[in-house]
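Q: For what it's worth, this note's numbering labels the leading residue of the sequence shown as 129, then goes sequentially. Just so you know, even glycine gets a beta-carbon here, dropped at the ideal spot from N, CA and C.
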Amino acid sequence: MTDVVLPCRNEAPALPGLLARMPSGYRAIVVDNGSSDGSAAVARAHGAQVITVTEPGYGAAVHAGVLAADPDDGVVCVMDADGSFDPAQLPAMAGPVRAGLADLTTGRRRPAARGVWPLHARAANAVLSRRVRRTTGLDVHDIGPMRAVRRADLLALDLRDRRFGYPLELLIAAGRAGWRVAEIDVDYLPRAAGTRSKVSGSVLGSARAVRDMSRVLAR
């Protein structure tokens with residue numbers, strides 16, 4: 129059983145459909161990170177394991193979910209809980225890692241409809257991805273909001289960022305460690321009605337993410 133970590137803050141409208149589409153052999157771990165809309169209760173009602181993290185931040189939620197994942201399976205996936213990614217694509221992400229062809233796979237977002245990826249968010253992602261390529265030599269074009277990796281390998285990197293800089297720190301650490309990183313195209317879908325992205329949902333959100341990630345690059 130492959131665990132799927134779903135960082136979650138006020139994603140109750142998205143969870144029923146998302147959890148219902150989880151492929152066979154994949155188990156959802158919903159990490160509730162300060163939700164006020166009953167996300168945790170909705171997730172439990174639809175069969176997900178739920179853990180609560182009081183420390184705010186994307187990285188804090190992901191790290192807690194990875195710690196809670198089953199160490200026996202070995203591979204853990206991470207994806208957003210707002211319905212913007214299709215769980216049916218998880219096997220394509222996990223497959224190369226499980227087969228020993230990659231140490232880390234990251235999703236490269238391909239918008240499935242107009243307006244899914246606002247210009248300000250896409251521009252910020254392009255700038256950061258370019259800096260990652262220059263810094264690490266990794267051929268990546270997206271700061272991977274959907275990924276698969278071996279749990280033990282990820283924990284061994286000892287990532288420290290607990291906010292939006294976590295995905296960037298992961299890529300930089302993976303590059304320095306000589307990991308084989310494979311970027312895989314994934315559909316980027318309209319998020320579920322009633323949810324809002326903490327990053328791309330506003331210019332301020334994108335600016336905060338760039339700030340957190342720039343701090344990682346400056347280390």
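1. Count the other CB atoms within 10 Å of the CB of T130; is the residue buried (16 or more) or exposed (fewer)?
2. Please state whether the Cβ-Cβ distance between R226 and V194 is less than 9 Å.
3. Specify whether the region 213-223 and the region 171-182 touch according to this definition: at least 3 beta carbon pairs, one from each stretch, less than 8 Å apart.
4. Indicate whether R224 and A280 have their beta-carbon atoms separated by less than 9 Å.
5. DSSP on L134, reduced to helix/strand/coil?
6. Should G166 and A140 be called a contact, given that it needs their Cβ atoms to be closer than 9 Å?
7. So D270 packs on G187, CB below 8 Å; how close in whole Å?
8. DSSP beta-bridge partners for R177?
9. Looking only at its chain, what residues have a beta carbon closer than 7 Å to the beta carbon of P184, apart from the 5 residues adjacent to it on each side?
10. Quick one, are the C-beta atoms of A209 and A142 less than 9 Å apart?
11. Run through the DSSP bridge pairs and tell me what L218 is partnered with.
12. Rounded to whole angstroms, how far is the Cβ of T264 from the Cβ of I312, which I believe are closer than 8 Å?
13. Let me make sure I understand the geometry here. Which of V206, L283, L296 has the alpha-carbon closest to that of V268?
14. At what residue ranges does the region 227-276 contain a whole run of the alpha helix (DSSP H), taking only runs of 4 or more?
15. Taking the alpha-carbon of A320 as reference, which of L146, V132, P246 has the nearest alpha-carbon?
16. Between the C-alpha atoms of V190 and G322, what's the straight-line distance to the nearest angstrom?
17. Assign S257 to buried or exposed, taking buried as 16 or more other Cβ atoms, counted over all protein chains shown, within 10 Å of its Cβ.
18. Are P219 and Y154 touching if we call contact CB-CB under 9 Å?
19. Out of curiosity, what's the CA-to-CA distance linking A240 and V314?
20. Expressed to the nearest angstrom, what Euclidean distance is found between the alpha-carbon atoms of A284 and R237?
21. What is the C-beta distance between C351 and A222, in whole angstroms, given that I count them as a contact (C-beta under 8 Å)?
22. Just checking my contact of Y316 with V255 at CB under 8 Å: how many whole Å lie between their CB atoms?
23. Please return the same chain residues whose Cβ sits closer than 6 Å to the Cβ of M150, not counting the five positions on each side in sequence.
A: So, from the listed chains and residues:
1. Position 2 of the sequence shown, counted from the first residue, corresponds to residue 130. The residue in question, T130, is buried, as its Cβ has 16 or more Cβ neighbours within 10 Å.
2. Mapped onto the sequence shown, residue 226 falls at position 98. Mapped onto the sequence shown, residue 194 falls at position 66. Cβ atoms of R226 and V194: not closer than 9 Å.
3. no
4. Here residue 224 corresponds to residue number 96 of the sequence shown, with the count starting at 1. Here residue 280 corresponds to residue number 152 of the sequence shown, with the count starting at 1. According to the sequence displayed, residue 224 carries Pro and not Arg. It is not a contact, given that the beta carbons lie outside the stated cut-off.
5. Residue numbering aside, residue 134 sits at position 6 when the sequence shown is read from its first letter. DSSP places L134 in strand when its eight states are reduced to three.
6. For the purposes of this step, residue 166 is identified with residue 38 of the sequence shown, where counting begins at 1. For the purposes of this step, residue 140 is identified with residue 12 of the sequence shown, where counting begins at 1. A contact, by the Cβ cut-off of 9 Å.
7. Here residue 270 refers to the residue found at position 142 when the sequence shown is read from its first residue. Here residue 187 refers to the residue found at position 59 when the sequence shown is read from its first residue. Not a contact, Cβ separation roughly 17 Å.
8. Position 49 of the sequence shown, counted from the start, is the residue given in the question as residue 177. First, the amino acid is wrong: residue 177 is Gln here, not Arg. Q177 is bridged to I157.
9. Position 56 of the sequence shown, counting from 1, holds the residue named residue 184. For P184, where only same-chain residues beyond five positions count, the Cβ hits under 7 Å are N161, G162.
10. The residue given as residue 209 occupies position 81 in the sequence shown. The residue given as residue 142 occupies position 14 in the sequence shown. A contact, by the Cβ cut-off of 9 Å.
11. The residue given as residue 218 occupies position 90 in the sequence shown. Per DSSP, L218 has no beta bridge partner at all.
12. What you label residue 264 is simply residue 136 of the sequence shown in a count that begins at 1. What you label residue 312 is simply residue 184 of the sequence shown in a count that begins at 1. Incorrect: roughly 18 Å between the Cβ atoms, too far for contact.
13. Counting from 1 along the sequence shown, the entry for residue 268 is found at position 140. Of the listed residues, the one whose Cα sits closest to V268 is L296.
14. 247-264
15. In the sequence shown, the residue the question calls residue 320 occupies position 192. Nearest C-alpha to A320: L146.
16. What you label residue 190 is simply residue 62 of the sequence shown in a count that begins at 1. What you label residue 322 is simply residue 194 of the sequence shown in a count that begins at 1. So the two alpha carbons sit approximately 23 Å from each other.
17. Here residue 257 refers to the residue found at position 129 of the sequence shown. That one is buried.
18. On the sequence shown, position 91 is the one that residue 219 refers to. On the sequence shown, position 26 is the one that residue 154 refers to. Yes.
19. To locate residue 240, count along the sequence shown from 1; it is residue 112. To locate residue 314, count along the sequence shown from 1; it is residue 186. If you draw a straight line from the Cα of A240 to the Cα of V314, it comes to about 9 Å.
20. The residue given as residue 284 occupies position 156 in the sequence shown. The residue given as residue 237 occupies position 109 in the sequence shown. Straight-line Cα distance between these residues: approximately 27 Å.
21. Here the chain has residues from 129 to 347 only, and residue 351 is not among them.
22. Numbered from 1 along the sequence shown, position 188 holds the residue referred to as residue 316. Numbered from 1 along the sequence shown, position 127 holds the residue referred to as residue 255. Incorrect: roughly 18 Å between the Cβ atoms, too far for contact.
23. Walking along the sequence shown from the start, residue 150 turns up at place 22. Counting only Cβ-Cβ distances below 6 Å, and skipping sequence neighbours, we find A156, P215.
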